[in-house]
Amino acid sequence: MGLDEVDLFGDPVITRPPPSKQLRMRVDELRTRGCCQAIAWSRQGTIASISKDADSIDLRFLRCHSDTGAWDLSEPTPCSVLTPVQSGVPIVHLAWAPTSSPELAVIDAAGRISILSFSITLNRPYSTRKWDVDVVDDLHAVVGCYWLPLISPGRQFHVMYGPAVWTNSEYKFENTIIASSGPWHPNSGKSALLCVTTGGFLKLLFSQNNNRIEETSLELESVTSSDDLITHASICSDKQSLLIALATRSRQLRIVRVQVRWSTPPQADKQAQAPPGSIHLSPSLEEKNVAVTSWFQHGPGESVVDMSMAQLSHIEMLPSIQGSSSETPPVVLTVRSHIPQEGSLYNQECQSIIDRWEVLNEQPQTLHNSFGQLNMKSSTSQLPPMTRLRKLDSIVVPKVVISTHTVQLGKVICFAFSDGTVQYRDRVTLSEVYNEHNVNSIMSPHQVGFQFTNETPCLQAAFSPTNCSFVQICEDASIKWNKLHYPMEDASTALQGNQYSAVLAALSISISPAAYHQMNCDDILAIARPFTQKQDFAYTWIRSIINMVKVPVDYSEESHHDQLVRNHHLQFCLSILNHLGFHGEFQPRSFGGKFAMLALNVRNIVILITIANNTPVNLKEKLSPLDDPEVVEALAGCAKWAVDLLSWLSDCIFGLINDATFRSMLEDPRQFPELSTYMQSRGDVSLHLLLCSSTRGFLSAACRRLIHLEALSNRAIQYYEQRHLAQALQGGENAARPTPVLYVAYMKMQRATSSTLIKVAEFEKLVAALSIEIRTSYQKALAGLAARSQQDPKPGQQQGQDQLIKRAQAHAELDMLLAGNPPPSFREMLLRFFKTNVQAFKAQTDPAKLYFANFELLEVEDDPQSLERRKAKGEYIDVFKRVALASGSKGGEGEDAPGPQWRRCARCASVMEDVQGNRPGFTFVLAQQRKCSCGGNWGLLPKGPLAN
1 MGLDEVDLFG
11 DPVITRPPPS
21 KQLRMRVDEL
31 RTRGCCQAIA
41 WSRQGTIASI
51 SKDADSIDLR
61 FLRCHSDTGA
71 WDLSEPTPCS
81 VLTPVQSGVP
91 IVHLAWAPTS
101 SPELAVIDAA
111 GRISILSFSI
121 TLNRPYSTRK
131 WDVDVVDDLH
141 AVVGCYWLPL
151 ISPGRQFHVM
161 YGPAVWTNSE
171 YKFENTIIAS
181 SGPWHPNSGK
191 SALLCVTTGG
201 FLKLLFSQNN
211 NRIEETSLEL
221 ESVTSSDDLI
231 THASICSDKQ
241 SLLIALATRS
251 RQLRIVRVQV
261 RWSTPPQADK
271 QAQAPPGSIH
281 LSPSLEEKNV
291 AVTSWFQHGP
301 GESVVDMSMA
311 QLSHIEMLPS
321 IQGSSSETPP
331 VVLTVRSHIP
341 QEGSLYNQEC
351 QSIIDRWEVL
361 NEQPQTLHNS
371 FGQLNMKSST
381 SQLPPMTRLR
391 KLDSIVVPKV
401 VISTHTVQLG
411 KVICFAFSDG
421 TVQYRDRVTL
431 SEVYNEHNVN
441 SIMSPHQVGF
451 QFTNETPCLQ
461 AAFSPTNCSF
471 VQICEDASIK
481 WNKLHYPMED
491 ASTALQGNQY
501 SAVLAALSIS
511 ISPAAYHQMN
521 CDDILAIARP
531 FTQKQDFAYT
541 WIRSIINMVK
551 VPVDYSEESH
561 HDQLVRNHHL
571 QFCLSILNHL
581 GFHGEFQPRS
591 FGGKFAMLAL
601 NVRNIVILIT
611 IANNTPVNLK
621 EKLSPLDDPE
631 VVEALAGCAK
641 WAVDLLSWLS
651 DCIFGLINDA
661 TFRSMLEDPR
671 QFPELSTYMQ
681 SRGDVSLHLL
691 LCSSTRGFLS
701 AACRRLIHLE
711 ALSNRAIQYY
721 EQRHLAQALQ
731 GGENAARPTP
741 VLYVAYMKMQ
751 RATSSTLIKV
761 AEFEKLVAAL
771 SIEIRTSYQK
781 ALAGLAARSQ
791 QDPKPGQQQG
801 QDQLIKRAQA
811 HAELDMLLAG
821 NPPPSFREML
831 LRFFKTNVQA
841 FKAQTDPAKL
851 YFANFELLEV
861 EDDPQSLERR
871 KAKGEYIDVF
881 KRVALASGSK
891 GGEGEDAPGP
901 QWRRCARCAS
911 VMEDVQGNRP
921 GFTFVLAQQR
931 KCSCGGNWGL
941 LPKGPLAN
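What follows is the structure, encoded as C-alpha cells:
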C-alpha cells in the first residue's frame, strides 16, 4: 500500500470516485437553465419524468403488487397526448400543481408550456393547454415557475402535527397552526401557474371560470443586453403577494414583490349561486422592486476553487414564517457547486456553497430634532419602510447539491446530493437536523432509526409528498425508487418497549400531512408494511393516528348519515387497515383487513346510490342519472352487492346462535373478555360490523338505500308498462314495447332488490333495535360517572363530566373499531339481543338458503377452497358496477383483447373497467368513482398482464 493510500495514522484513505461525465453535464445544465427538473412527483402519486430523447414524458406510480401486497414502481407509461416537440427543442422541465386533480406543466427549452390534467387515473392525462399557441423564442425560455397554493373554504391556515413528546410513559402529539398565505385562485380547488422568462417577463396562466386557460403577463426587468438576461428565478407566496428572486448573468440578485389582483366583482361572494363561468376573471399584475445585491461577492484573495464557482446552480425564495412569538423574515437561498476539472493538478473535491440573504424591512433612520426647524416638505416619519438584503454566513458542503426543497411548512430545508445522500437543515441556522437519535421529541422518522439505504449516485431526485421516499435519475438514465428502511432482521421480535412506541410515533407524524391535506401516502404504507409481522401493529398504529388527528369514531347517537359518509379521516384510517391486512388477491386477509374492506365498500355503495338520486338543483334540467341505463345498471350491481352483504351478515349471526362457545362467552362474565379473540380466531367480522357504530351506520344507510331503489324500480317499471298499455290501446298490436335498454336496467334493479334471501326492511329494524340497545347500555354503564359527580358538584363540573362521558364512550367505540372487545356492559345486552331480536329475525328467513348461498360477489370467503376456486375462474369484481369481469375478455390477456381497458387501484389492487361516459348523467355519477372505494388512486392497466 503506497503512502498516498494511508492517512497519518496508517488507516486506509477512503477516496471518492472522480465525478462522472454525466454529473458534469448535469451541473452545467443547472448553471445554464433555472428550470430543468426532469422528474417530479405529484401530491396524488404520479411520477412524471422526461424521456431519454427529451421529446416525451413517462409516467410511473407506486403500486401494491396484486400477488403479494409488496410495493414497487410501476412500469413506465409513455404520454401520448403531448404535441410533438419541434426539432431541436427538447422538453426540459416538469412542475406539478398542488390541486386534488393533479395538473402537470410540461415546459420545453423555448419556454412553450403544455398543461396536462390527471383527473381520473395516475398514468393517463388529458391536455388542458397545448403549447402550439406559444412562439419559439429564446427570450421566452422559462427560468423559474411556481404554482399558486390552494385555499380551503373557511380554513385559511395549516396544521402541522408534531413533535411527539415522551411524557409520562407515552407520546403526546403537539401541533402548530400556521396561517396560510396567498395569493390564491379565486375558485377554491384551482391553482394558477406563474413563470419567469429569461427575457424578464412574468407570465400568469390561470383557469378561467369556464375552465379555459388564459394568460396575462408583466415585464419585471428590461433586458437591453445579454448581461441583463435572467438565468435563475424563484417565486413564493408571502403575505398575500408574491416574492420573486431573480439572478442575472451579471451576477445581480434582485428581489421583486408582485401583487395579483383578480378584478372580481365586489359582490362576488353574493354571486356564489351564479352558474359557473358567469363571473369573468381579469387578473392584473403589479410590480414593486424591493432590493438588489450581488449573489457572488468575491475578493482579491479568493482561491482558484472560489473563482471557478462564480456560477449559480440553484435559487430558492423562502417566505416569512409567523411564529408564536416572532416572525422569521423571507430568505433567499442560492447554491454554487464546484466540480474539479478533469486532469487538474490540484487535489480538489466536489463541494457546494450555500449562500443566504434575509429580506429585512426597516424604518428609515430618524433625523435630529433640529432638522425640524427647516421647512421640509416631507418628514421621515411618512417614508415607507426600507427593504434590504442582509447576507448571512455561508455553508460549505463537500458534495454536489442536485435538489433543494422545503418540508414541515418551510421550517426545514432538504438537500439531495449527487452521491444519493440526503440532508435536512434548519431553515434559520442551516444546522443539520434529524441526524442524531432522539426519541424524546420526534419530528422525523430519521430520529428513531429510519434511514435511506442503497445510496446510488444520481443526477436528479424528486421527493414524495410525504418526504419519506424519493425517486432518482441515475447516471445510466434509469429511474430508481428509494424509501426509508428500519434496520431489523425480524420485525416480530426486533421492536420492543419504548423503541416500538417511538417507531409508531414517527410513522404517525409522517403520515399526518397526508391525512390533513388528503394527499398520497402510499410510500409510508410501503415503509410500514414490514412491521405487520408484529402482532397488532396495524391496530396500534391506527389508534395512534386517530388520537393524534382526533378522528370522530363515535356515531352511536342518532345522527344524519351525511356526517359519517363525509368523515374522510375515518376512510383514511380504514384504508390503512385494509391495505395492511392485504397479502395478495388469492391469500387470506387479516381480520382487520376483511373488516375494513367490507366497511369501505359499503360506504362507497351508499355514496354512489345517494349521488345518483340527488342531482344538484342547478343540473336537474340538464342531466338525470336515473334516466341513464348505464347508471341504473351500475346501481343494480351495487344493490346486488349490498343485499349479498346483508345476507352474508345474517348467515354469520345465525351461525353464532348455534355456536356453543360463543353462547357460553355471553352467558359467563369471566369468558366475555375473550369474545374478540375468539371472533378473530374464526375470522368472523360480522359481530364487529354490527357493534361498531360507524359500520353499523353504513349498514343502516345501505338498508334505506336498498328500500328506496326497490320502490324506485317498481315505479319505473309500472310507468313503462302503463305507457306500453296505453300505446297498445291506441295503436293495436303493432304498438312499441317499453324503452328496451332502460326498461331492462330497471328490471335488473328490481330483481336485485326484491328477490332477496332476507327482508331488507326487517334487517334494518334489527340494526335499529341493536342501536337502541347499545345506547341504553352506554347510558347505564356511564350513569355511575354522572352520579359520582352529582355528589360533590363544583362550578363547571357538569360540562367537564359530560366531556368525560363522551370520551369514555368514544374510547369504547375505538376499541371495537380496532377489533377490541366490547365493553363489559354489552354482555347482557348481546345475550338478550341474540335470544330475542336475532331469533325473531331468523324466524322470518330461511337459514338453509342462506347457508348454501353464493357470496362470491363479496370476495369475503377466504378459506383455501374458495380462494382456489376464485383463482381458477379468473374473474374480478368491478368496484363500480359490482359485476364479475373475466380476465380473458376485458383488458386482461393479450394486446388485442376486446372491451375496455381496466383500472387497478394502486393501494388495494381492486379493479374496474375504464368506462368513458359521454352522457351527462352517467358522467356525473362516474365522477364519484375517480378514486377507489379505499381512497387509493387508479392506475390504467395496459391490455395484457393485470399486474403493472
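Start counting the sequence shown at 1; every next residue gets the next number (UniProt numbering).
The beta-carbon is built from N, C-alpha and C at its ideal position, and this holds for glycine as well.
- Exposure of residue 250 is indicated by the presence of fewer than 16 other C-beta atoms within 10 angstroms of its C-beta.
- If you look at residue 351, you'll find it in the beta strand (DSSP E) that goes 351 to 362.
- Cβ atoms of residue 432 and residue 398 stay farther apart than 8 Å, at about 13 Å.
- Setting aside the 5 residues that flank it on each side, residue 547 is surrounded in the same chain by 173, each with a C-beta closer than 8 Å to its C-beta; the list follows chain order.
- Secondary structure of residue 923 (DSSP, three-state): helix.
- In the DSSP assignment, residue 573 falls within the unbroken alpha helix (DSSP H) covering 568 to 580.
- Around the beta-carbon of residue 53, fewer than 16 other beta-carbon atoms lie within 10 Å, marking it exposed.
- 8 Å or more divides the Cβ of residue 385 from the Cβ of residue 243.
- Under the 10 Å beta carbon count, residue 802 is surrounded by fewer than 16 other beta carbons and is classified as exposed.
- According to the DSSP secondary-structure assignment, residue 417 is paired through a beta bridge with 401.
- In the assembly as shown, residue 25 is an exposed residue. Its beta-carbon has fewer than 16 other beta-carbons within 10 Å.
- By the CB criterion at 8 Å, residue 27 and residue 400 fall inside the cutoff.
- Residues of the same chain with a CB within less than 6 Å of the CB of residue 134, apart from the 5 flanking positions on each side, are 112 in chain order.
- For residue 610, the uninterrupted alpha helix (DSSP H) run begins and ends at 591 to 613, by DSSP.
- Counting other Cβ atoms within 10 Å of its Cβ, residue 396 stays below 16 and is therefore classed as exposed.
- Here residue 497 is exposed, its C-beta having fewer than 16 other C-beta atoms within 10 Å.
- Beyond the five residues adjoining it in sequence on each side, residue 825 comes within less than 6 Å, by CB distance, of 777, 781 in the same chain, given in chain order.
- Only residues of its own chain outside the window of five on either side were considered, and among them 634, 912, 929 have a CB closer than 7 Å to the CB of residue 880, listed in chain order.
- Check the Cα spacing between residue 642 and each of 706, 655, 690: the tightest is with 706.
- For residue 630, the enclosing alpha helix (DSSP H) stretches over residues 629 to 657.
- The beta carbon of residue 749 sits closer than 7 Å to the beta carbons of 632, 635, 636, 639, 709, 713 from its chain, once the five residues preceding and following it are set aside; these are given in chain order.
- Nearest Cα to residue 315 within the set 392, 390, 233: 233.
- Linking residue 747 to residue 768 through their CA atoms gives a straight-line distance of about 30 Å.
- Assignment of residue 409 by DSSP, reduced to helix, strand and coil, places it in the coil class.
- For the pair residue 143 and residue 110, the CB atoms are not nearer than the 8 Å cut-off.
- Taking 4 residues as the minimum length, the alpha helix (DSSP H) runs contained wholly in the UniProt domain "Mediator complex subunit 16 C-terminal" (838 to 938) are 839 to 843, 847 to 851, 864 to 873, 920 to 926, in order along the chain.
- The shortest CA-to-CA distance from residue 412 to any of 425, 420, 169 is the one to 425.
- DSSP places residue 31 within a helical segment (H, G or I) once states are collapsed to three.
- By the C-beta density criterion, residue 408 is buried, having at least 16 other C-beta atoms within 10 angstroms.
- Our two residues, residue 82 and residue 602, have alpha carbons roughly 39 Å apart in a direct line.
- Rounded to whole angstroms, the gap between the alpha carbons of residue 553 and residue 700 is 16 Å.
- CA-to-CA, the gap between residue 927 and residue 252 works out to about 50 Å.
- Around the beta carbon of residue 230, 16 or more other beta carbons lie within 10 angstroms, which makes this residue buried.
- Per DSSP, reduced to three states, the secondary structure at residue 124 is coil, with no helix or strand assignment.
- Residue environment analysis places residue 694 among the buried positions, since at least 16 neighbouring C-beta atoms fall within 10 angstroms of its C-beta.
- A direct Cα-to-Cα measurement between residue 456 and residue 91 gives close to 25 Å.
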